[in-house]
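Right, one structure below, let's go through it.
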Amino acid sequence: MKKDLMEILACPLCKGPLELSIEEEDEKEVIKGSLRCNKCSVSYPIEDSIPNLLPPELHS
Amino acid sequence: MSSTNYRTRESSTRGRQNNTEWSPFDELALEYDAWFDKEGSLIFFIEVQAFRELLPSLPKPWLEIGVGSGRFAQALGIEAGVDPSFKLLHMARRRGINAFLGRGEQELLDEESFGTVFLIVALCFLDSPSGVLMEAKRIVIPSGKLVLGLVLKESPWGQLYQQKKEEGHRFYRYATFYSCDEVVRLIVQAGFTTEKIVSTLFQRPHEVQHVEEPKEGYFPDAGFTIMVAGKGAAELER
Numbered sequence: 046m047k048k049d050l051m052e053i054l055a056c057p058l059c060k061g062p063l064e065l066s067i068e069e070e071d072e073k074e075v076i077k078g079s080l081r082c083n084k085c086s087v088s089y090p091i092e093d094s095i096p097n098l099l100p101p102e103l104h105s
Numbered sequence: 003m004s005s006t007n008y009r010t011r012e013s014s015t016r017g018r019q020n021n022t023e024w025s026p027f028d029e030l031a032l033e034y035d036a037w038f039d040k041e042g043s044l045i046f047f048i049e050v051q052a053f054r055e056l057l058p059s060l061p062k063p064w065l066e067i068g069v070g071s072g073r074f075a076q077a078l079g080i081e082a083g084v085d086p087s088f089k090l091l092h093m094a095r096r097r098g099i100n101a102f103l104g105r106g107e108q109e110l111l112d113e114e115s116f117g118t119v120f121l122i123v124a125l126c127f128l129d130s131p132s133g134v135l136m137e138a139k140r141i142v143i144p145s146g147k148l149v150l151g152l153v154l155k156e157s158p159w160g161q162l163y164q165q166k167k168e169e170g171h172r173f174y175r176y177a178t179f180y181s182c183d184e185v186v187r188l189i190v191q192a193g194f195t196t197e198k199i200v201s202t203l204f205q206r207p208h209e210v211q212h213v214e215e216p217k218e219g220y221f222p223d224a225g226f227t228i229m230v231a232g233k234g235a236a237e238l239e240r
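Protein chains in written order, with the numbering used here: chain H, 46 to 105; chain W, 3 to 240.
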C-alpha cells in the first residue's frame, strides 16, 4: 500500500483517521503492517501490500 | 473459462470462510482471470474499446468498485480498486492497481476523494446495489462521475446468464441481473443522473467472431452497456 493513500483512507466504522504502523516496507510501499483507529480500538491488517478493511469481525 | 460465452466479474460480498477465502470467486480466481486471455479475450477487447472514447472526459482520480483481478482497471488506467476477494486483489496489485480489501458499501474512503467511480460487470453481484451506489456518490467530487459496465437483463447475454443462474451455475447463482430501467432507477435513487449510454457486443453468445464499434445510446440487443452518470447533471433523454 502506498503511503500517500493514507490521505483518503478512513476508519470504516467511524470515518475517523487511521494510524499507520509499518512492519515491512520497500522503497515504493508498505508491505506488512496495520491501520489502527484509536477511537474504535480496531486494527486493520496490511498483508502483501493490501490493506484489509473488511468489517473487523471478518478478520481472522 | 469452460465455454466461449462464460464470463463473470468479481464483487460479491457473499460467503465467508476465512481471510483468504472470502468470496465464491476466490476458489476459481486463476481460472476466472485466465478467461480474459483465452475464450473471453475478444469480448474483453470489444468491451474495453467501448470505454475508450468516454475516458478523456472522466475526472481523475479513478476508483473501481469490484475491481477483481484488475483486468479492466489495467486496460482503462484505473488507479485504485476495492474488492472483497483477497486472491483476485493480489492479481490486481500485480497489475499495478492500488488495491483495498473491502466491500463496496463500506465507508472506507474519504468524502469526495475520487473523480470517477467505475463498477464494471459488478452491480449484478452486489448484495446491496443501492448501498454501493450511494457510497459511490459520497466519495466522488461534486463534478464527479459514475460509470457502470452492465450486462442488462433484457439482452441476449443477460438472458443466457439468467438461464445459467436458474440452473444453479456456480457464479451466476449469486447474480441479479437488472434491466436498463431498473439500473437508471437505482442510479437516480442514489443521487446521480444519467448522462450518456454506450452499447456494444451486438454479436450473440457463442457467435462472437470480430471486433465491433460501439454505438451511442441504449440498445436492448447489446450484450454490454455502459452508463455514465454524474452528480447534478441534466437527465439523459433516451
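We treat Cβ as the ideally placed atom computed from N, Cα and C, and that holds for glycine. Values in this document were obtained by computation on a predicted structure and should not be read as measured data.
Quiz item: When the Cα atoms are used, what is the spatial distance from L245/W to G160/W?
Solution: The question about residue 245/W has no answer here: the residues shown for chain W are numbered 3 through 240.
Practice problem: State yes or no: is the C-beta of S71/W within less than 7 Å of the C-beta of D28/W? | Solution: no
Exercise. Measure from the alpha carbon of F221/W to the alpha carbon of each residue in E156/W, R187/W, L128/W, then state which is nearest.
Key: E156/W
Quiz item: For F46/W and chain H, any beta-carbon pair shorter than 7 Å?
Solution: no
Quiz item: Taking any Cβ of chain H, which residues in the region 103-118 of chain W have a Cβ under 9 Å from it, in chain order?
Solution: L103, G104, R105, Q108, E109, L110, L111, D112, E113, S115, F116
Self-check item: Cβ-based burial, Q205/W [other Cβ within 10 Å; buried from 16]
Solution: buried
Quiz item: Just curious, the alpha helix (DSSP H) that E49/W is in, first and last residue?
Solution: 43-54
Quiz item: Hey, how far is the Cα of L103/W from the Cα of G225/W?
Solution: 29 Å
Self-check item: E218/W versus L203/W, H208/W, K198/W, H212/W, residue with shortest Cα-Cα distance
Solution: K198/W
Quiz item: Nearest-angstrom Cα distance between D35/W and K89/W?
Solution: 11 Å
Quiz item: What residues of chain W sit near L94/H, judged by a beta carbon separation below 7 Å?
Solution: The displayed chain sequence assigns Ser, not Leu, to residue 94/H. By Cβ distance, chain W contributes R95.
Quiz item: Under the three-state reduction of DSSP, which class applies to L57/W: helix, strand or coil?
Solution: helix
Exercise. Locate the alpha helix (DSSP H) running through R96/W, then write down its first and last residues.
Key: 88-96
Quiz item: Hey, does A101/W have any beta-carbon neighbour from chain H nearer than 7 Å?
Solution: yes
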